[in-house]
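Residue numbers for the sequence shown follow the numbering used here, beginning at 8 and rising by one.
Just so you know, even glycine gets a beta-carbon here, dropped at the ideal spot from N, CA and C.
Given the structure is predicted, the values throughout are model-derived calculations rather than measurements.
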Amino acid sequence: MSRSVLLVDDEAAFVDALAVRLEARGIEADTAYDGETALARLSDDVRVVVLDVNLPGQSGLDVLDAIKERSSLAEVLMLTGQADVRTAVEGMKRGAADYLLKPVDIETLAEAIRLAGRRREQNIESRRLRETARLATLGGLARGVAHELNNPVNVMVTSAGWMLDLLAEVSGTCPEYGELKDSAERIIVHGQRCKELTLKLLKYCGQRDARIRENDLAATLGKVLDGFAERIGAMGVQAAVEIPAGIPPLLWPPADLEDVLYVLVENALDAMNASATGEGRLDISARILDNSLEIAVADTGHGIPADILPRIFDPFFSTKAPGEGMGLGLAICQTIVTGHGGRVEVESEAGKGAIFRVHIPFRSARP
């Protein structure tokens, strides 16, 4: 069973007794006797870590740094003796929430853990609000760009079509007819591509209904896949969906869930289209992991080189050819998910496809 508190101390009898006493007060805690074990047991479900300053092997400060690097939302309380207060204060400078002196009063520790848990929830909500504001700003910028581009692009495409009509009338007398016709057709092709991109901008960044409602994952995914059915068929992609029964309704704004799934499916199809193997496979699955829901979207496309993996969620970063991608889809996908307290992970190697995993904490996944 996953527990929300992790106690880390090299005195096994002390930390085991502490876990029993906390459980009697309604706080379920896991234990670790060294830093390596603690880091192995660290997960998104751990809300609070109670960490001894003095540990064998890695120091308490080193473990603190590693915890903050892996799980920035986990609150850390340092346990220290009188002689180690300076080290504990240094720990607070590195991100620890507080420190407690040994021997620690159990009621004081229990209250500190509860307070740290509440602080973590407040931090998650603050981050969600920041990400929502960031998405709104990005969306406003993108909408403005899309609207500004639409008019001149429409004029360009219409004018090129008019040029083709005129050229058809003088085709027998104009020596440059072939060249001019090719140029006008290229203008129309690239103009239409610009129009498609602006439509995508407006889809990704349009005004959103932020009201939280219950969403059926299977139904929403079915709606998204229906929108890609023609493309999936034309590409010869084998699509498989595995959504087990009993998945709780997702408490998200409906547009958020739909957009996340849309981006991941479109990204997978784009990768397989670019690989042009003719044997593409799209696998979408969901499963419950302790206190979170995982949605996985896997493809057999061209994969992502290791050197650009850290950048794929950056706004306006794209691996596609110029004019074929905006580099906004994955950025917006990540912003939506992190705004709800979750995360998006990717596993990929060049030439070996990719798996995108969306982790949604149960605070967002069930009532």
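Review point. Of all the options Pro322, Val267, Asp72, Asp306, which has the alpha carbon lying nearest to the alpha carbon of Lys230?
Key: Val267
Check your understanding: In chain order, what residues of the same chain lie with their CB nearer than 7 Å to the CB of Arg218, ignoring the 5 residues before and after it?
Key -> Pro260
Point to revise | Where the alpha helix (DSSP H) through Leu337 begins and ends | key: 336-346
Check your understanding: What did DSSP end up calling His309 once you bin it into helix, strand or coil?
Key -> coil
Point to revise | 7 Å Cβ shell around Leu80 - same chain, five flanking residues per side excluded | key: Arg127, Asn130, Ile131
Exercise for review: Assess, as a yes-or-no matter, whether the stretch 63-80 is touched by the stretch 149-169 under the definition of 3 or more beta carbon pairs within less than 8 Å.
Suggested key: no
Practice item. Just list the alpha helix (DSSP H) runs in the stretch 88-176, keeping only unbroken ones of 4 residues or longer that don't cross its boundaries, in chain order. Key: 92-100, 113-176
Review point. Near Glu301, what residues of its chain come up, given a Cβ to Cβ distance below 6 Å and the 5 sequence neighbours on each side ignored?
Key: Arg294, Arg364, His366
Review point. What does Val366 pair with, by DSSP beta-bridge criteria?
Key: A quick correction: the sequence has His, not Val, at residue 366. Per DSSP, Glu301, Arg350.
Check your understanding: Terminal residues of the continuous beta strand (DSSP E) containing Thr38?
Key -> 36-39
Exercise for review: Output yes or no for whether 8 Å exceeds the beta carbon distance between Asn222 and Pro255.
Suggested key: no
Exercise for review: Please confirm whether Ala388 and Pro322 have their CB atoms less than 8 Å apart.
Suggested key: Residue 388 is absent from the structure shown; the chain starts at 8 and stops at 374.
**Study point:** Under the three-state DSSP convention, the category Asp16 falls into
**Key:** coil
Exercise for review: Would you please state the rounded distance, in angstroms, between the beta carbons of Ala117 and Leu258? I believe it to be under 8 Å.
Suggested key: That belief does not hold up - the Cβ atoms of Ala117 and Leu258 are roughly 29 Å apart, past 8 Å.
Practice item. Give the DSSP-derived three-state secondary structure of Ile295 in the structure shown. Key: strand
Review point. If you count every other CB in all the chains shown that lies within 10 Å of the CB of Arg10, and 16 or more means buried, which is it?
Key: buried
Review point. With distances taken from CA atoms, which of Ala104, Glu114, Met163 is nearest Gln199?
Key: Met163
Point to revise | Inside the stretch 225-279 only - beta strand (DSSP E) runs reaching at least 3 residues | key: 245-249, 257-259
Review point. Taking just the CA atoms, how far does Val351 sit from Ser292?
Key: 15 Å
Check your understanding: Name the DSSP beta bridge partners of Asp59, please?
Key -> Leu86
Point to revise | For Glu186 and Gly179, the rounded distance between their alpha carbons | key: 14 Å
Review point. Nearest to Ala220 by alpha carbon, out of Ile319, Ala262, Gly358?
Key: Position check: residue 220 holds Arg in this sequence, whereas Ala was assumed. Comparing Cα positions, the closest option is Ala262.
Practice item. Can you tell me which of the three DSSP states Gly10 falls into? Key: At residue 10 the sequence reads Arg, which differs from the Gly that was named. Reduced to three states, the DSSP call for Arg10 is coil.
Point to revise | C-beta atoms of Leu174 and Tyr184 nearer than 8 Å | key: yes
Review point. Which residue from Leu316, Ile315, Ala361 puts its Cα closest to that of Ala416?
Key: This structure cannot settle anything about residue 416, because the visible part of the chain is limited to 8 through 374.
Check your understanding: Are any of the Cβ atoms in chain D nearer than 8 Å to that of Glu237?
Key -> Absent from the structure: chain D. Only one protein chain is present.
Point to revise | Contact check, Val22 vs Thr44, beta carbons under 8 Å | key: no
Practice item. Please name the residue or residues paired with Asp290 in a DSSP beta bridge. Key: Ala247, Ala305
**Study point:** Rounded C-alpha distance that separates Ser371 from Gly348
**Key:** Unreliable positioning characterises Ser371 in this predicted model, as indicated by a pLDDT of 46, which lies under 50. The coordinate reading is nonetheless provided below. Approximately 8 Å, taken between the alpha carbons.
Practice item. Can you check DSSP and say which residues form a bridge with Glu221? Key: Leu258
Exercise for review: To the nearest angstrom, report how far apart Ile343 and Leu271 are at their CA atoms.
Suggested key: 13 Å
**Study point:** Per-residue burial, Thr307 [other beta carbons within 10 Å of its own, 16 or more giving buried]
**Key:** buried
Review point. If you draw a straight line from the alpha carbon of Leu46 to that of Glu249, how long is it in whole angstroms?
Key: 31 Å
Practice item. Report the three-state DSSP secondary structure of Ser50 (helix, strand or coil). Key: coil
Check your understanding: Can you give the Cα-Cα distance for Leu13 and Gly33, rounded to whole angstroms?
Key -> 14 Å
Check your understanding: Given that a residue counts as buried once 16 or more other Cβ atoms are within 10 Å of its Cβ, and exposed if not, what is Gly42?
Key -> buried
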